[in-house]
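Protein chains in written order, with the working numbering: chain A, 1 to 211; chain B, 212 to 422.
For each residue, glycine too, the CB sits at the ideal point set by N, CA and C.
Nothing here was measured: the structure is a model prediction, and the numbers come from that model.
To start, the structure itself, in structure tokens.
2 protein chains.
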Amino acid sequence: MTMDAPAPRRTRIQREKRDLILEAALDVFSTHGFRGSTIDQIAEAAGMSKPNLLYYFRRKEDIHETLMRRLLDTWLAPLREIDDVGDPVTEIRSYIRRKLEMARDYPRESRLFANEILQGAPRIMPMLEGELKSLVDEKAEIIKGWMRAGRITATDPRHLLFSIWATTQHYADFDVQVRAVLGPDRGGDGRFEDAARYLEQLFLTGLVPPR
Amino acid sequence: MTMDAPAPRRTRIQREKRDLILEAALDVFSTHGFRGSTIDQIAEAAGMSKPNLLYYFRRKEDIHETLMRRLLDTWLAPLREIDDVGDPVTEIRSYIRRKLEMARDYPRESRLFANEILQGAPRIMPMLEGELKSLVDEKAEIIKGWMRAGRITATDPRHLLFSIWATTQHYADFDVQVRAVLGPDRGGDGRFEDAARYLEQLFLTGLVPPR
DNA sequence: CTAACGTTTGTCCATCCGGTCAAAAATTTG
DNA sequence: CAAATTTTTGACCGGATGGACAAACGTTAG
């Protein structure tokens, strides 16, 4: 078991400022990518000077790394909740809904993650092959069980998960394209309600009406 | 109607070298994004010096713009082929196939596009709101027709297109994640065959077995 | 109050990067 | 062949960027 670094004791100001910086960095990194973002940009977004920021995080990469570590935890939470006990259809339906809500409520996190993966995941590859893979393996086994029991159609559970990730995160990652295609927003989050309705139909019954 | 610039006449060497540069730039831009890529990197990948490269493209942005313009054409080709005359289910099924083949055969193009959209589409917004939107509007109308005629289940045709884009491009854009989750490749493009089978099932019949 | 510690800032540096330029080398044209 | 034109290169420039540092300023505990 790899040891975590001992939790550093931090002053009140340190906790506050570090959070402030991470919040600002999430904004900047998620829209410009790691290399496209400058420390100055992040510092300005956080309302402080560059040397001041560097007092809290010694290197640009440290900010990114901290952000990534926090991200992966919250990002995988919905998947962790998938459970063997409930009704399979209900479980899948609510997983889709939770993922779609995350795309709606945390689009920056989604884009930050997408940016990292797109560029070959240079900084989080180990987490993908470790944490993510074993979680997926575990949940795929559950889904496989449902399929064997004939409670849902038999297919590849991993590709099923991919398609849920892809369709839901699409609304965060490709937001500008979605907006461009759909045209001016009707108020509220109508876009997301439409998406929720559509995706439920797609995943449950597909496009060919039963005859 | 906006006028296109008159087609510049180019020497043989110019055509060859420009192609060479664009090919190299596709590699570099698609893995590092625009800001993350340097002219030096592209020049080296193209096997020439930086000033030499700048003789063919005066600015870094010119390379990117040329790449983008070419990209969008090939990228939308499968959508253009969707046709009113055939069987709806066949049309949709082969659209998914074609898109998946593009993700397999042109992953760099997919990632280049994804990078651009992720960052807010600063350079191709007009094309999204113009060319893309009107093409989608046109095809959505066709699909809507199929739905009205009861030939496929009634849903939102635009979200249907989104979900096809998302699921297919996922295999190019999130390739490293897909690989990490699926584990070591069994030879050939088994991954893509599995994906094709899965997606066909998803889009046609969904996950709940008819009872 | 004051010493110790934590925070902030201005200044500075080395490197990288997009791009220029003039001159050399290669190629094409007459 | 030689002149004209195109291609290639080395050297250079200015600005941006990641980061170092010491000095100044605040805060807190004894």
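- Within the same chain, Cβ atoms closer than 7 angstroms to the Cβ of Ala-383 (chain B) are found at Ala-314, Pro-318, Ser-321, Arg-322, the five residues on either side in sequence being excluded.
- Taking 8 angstroms as the cut-off, the Cβ atoms of Glu-200 (chain A) and Ile-82 (chain A) do not count as close.
- Within the same chain, Cβ atoms closer than 8 angstroms to the Cβ of Tyr-56 (chain A) are found at Gln-14, Lys-17, Arg-18, Ile-21, the five residues on either side in sequence being excluded.
- Counting other Cβ atoms within 10 Å of its Cβ, Gly-190 (chain A) stays below 16 and is therefore classed as exposed.
- In the three-state scheme derived from DSSP, where H, G and I count as helix and E and B as strand, Asp-298 (chain B) is classed as coil.
- Residue environment analysis places Pro-368 (chain B) among the buried positions, since at least 16 neighbouring C-beta atoms fall within 10 angstroms of its C-beta.
- Within the model, the alpha-carbon separation for Ile-63 (chain A) versus Val-28 (chain A) is close to 11 angstroms.
- In the three-state reduction of the DSSP assignment, Thr-155 (chain A) falls in the coil class.
- Along the region 331 to 351 of chain B, the positions whose C-beta sits under 8 angstroms from a C-beta of chain A are Gly-331, Ala-332, Met-336, Leu-339, Glu-340, Leu-343, Lys-344, Val-347, read in chain order.
- When the Cα atoms are used, Ala-351 (chain B) and Phe-174 (chain A) turn out to be separated by approximately 19 angstroms.
- Straight across, the Cα-Cα distance linking Ala-43 (chain A) with Lys-60 (chain A) is about 11 angstroms.
- About 19 angstroms separates the beta carbon of Phe-414 (chain B) from that of Val-178 (chain A), a gap too long to meet the 8 angstroms contact definition.
- DSSP places Tyr-106 (chain A) outside both helix and strand once states are collapsed to three, so it counts as coil.
- One finds Thr-366, Asp-367, His-370, Leu-371, Ser-374 in chain B with Cβ atoms closer than 8 angstroms to the Cβ of Tyr-198 (chain A), taken in chain order.
- In the DSSP assignment, Gly-130 (chain A) falls outside any alpha helix (DSSP H), carrying neither H nor E.
- Our two residues, Thr-364 (chain B) and Leu-67 (chain A), have alpha carbons roughly 42 angstroms apart in a direct line.
- Under a criterion of Cβ atoms nearer than 9 angstroms, no residue of chain B is adjacent to Gly-86 (chain A); the nearest Cβ is some 15 angstroms distant.
- When rounded, the separation of the alpha-carbon atoms in Gly-33 (chain A) and Asp-87 (chain A) is 40 angstroms.
- Per DSSP, Thr-205 (chain A) is one residue of the alpha helix (DSSP H) stretching across 190 to 205.
- Only residues of its own chain outside the window of five on either side were considered, and among them Ile-293, Asp-294 have a CB closer than 7 angstroms to the CB of Glu-302 (chain B), listed in chain order.
- Within a 10 Å sphere around the beta-carbon of Glu-116 (chain A) sit 16 or more other beta-carbons, which makes this residue buried.
- Between Pro-421 (chain B) and Leu-282 (chain B), the alpha-carbon positions lie close to 41 angstroms from each other.
- Check the Cα spacing between Arg-123 (chain A) and each of A:Gly-183, A:Glu-65, A:Lys-133: the tightest is with A:Glu-65.
- Scanning chain A for C-beta atoms nearer than 7 angstroms to the C-beta of Asp-405 (chain B) yields Asp-156, His-159, reported in chain order.
- Sequence-distant partners of Ala-166 (chain A) (beyond 5 residues in either direction) whose C-beta falls short of 6 angstroms from its own C-beta are missing from its chain.
- If the five residues before and after Leu-264 (chain B) are omitted, its C-beta is found closer than 7 angstroms to the C-beta atoms of Ile-232, Ile-250, Ile-253, Ala-254, Ala-257, all from its own chain and listed in chain order.
- Taken through DSSP and simplified to helix, strand or coil, Gly-183 (chain A) comes out as coil.
- Listed along chain A is no residue with a C-beta nearer than 9 angstroms to that of Gly-356 (chain B); the closest approach is about 14 angstroms.
- A residue is called buried once 16 or more other Cβ atoms fall within 10 Å of its Cβ, and Pro-262 (chain B), having fewer, is exposed.
- DSSP places Phe-385 (chain B) in the coil class of the three-state scheme, outside both helix and strand.
- When the five nearest sequence neighbours on each side are left out, the beta carbons in the same chain lying within less than 6 angstroms of the beta carbon of Met-147 (chain A) are those of Ala-154, in order along the chain.
- Ranked by Cα distance from Leu-132 (chain A), the first of A:Gly-206, A:Arg-69, A:Ser-37, A:Ser-49 is A:Arg-69.
- For Ser-260 (chain B) and Gly-36 (chain A), the gap between their C-alpha atoms comes out near 24 angstroms.
- Within the same chain, Glu-320, Phe-324 come within 7 angstroms of Trp-286 (chain B) by CB-CB distance, once the 5 residues on both sides are set aside.
- Neighbours of Arg-111 (chain A) in chain B, taken as residues whose beta carbon is under 7 angstroms from its own, are Leu-329 in chain order.
- For Phe-240 (chain B), the enclosing alpha helix (DSSP H) has its first and last residue at 223 to 247.
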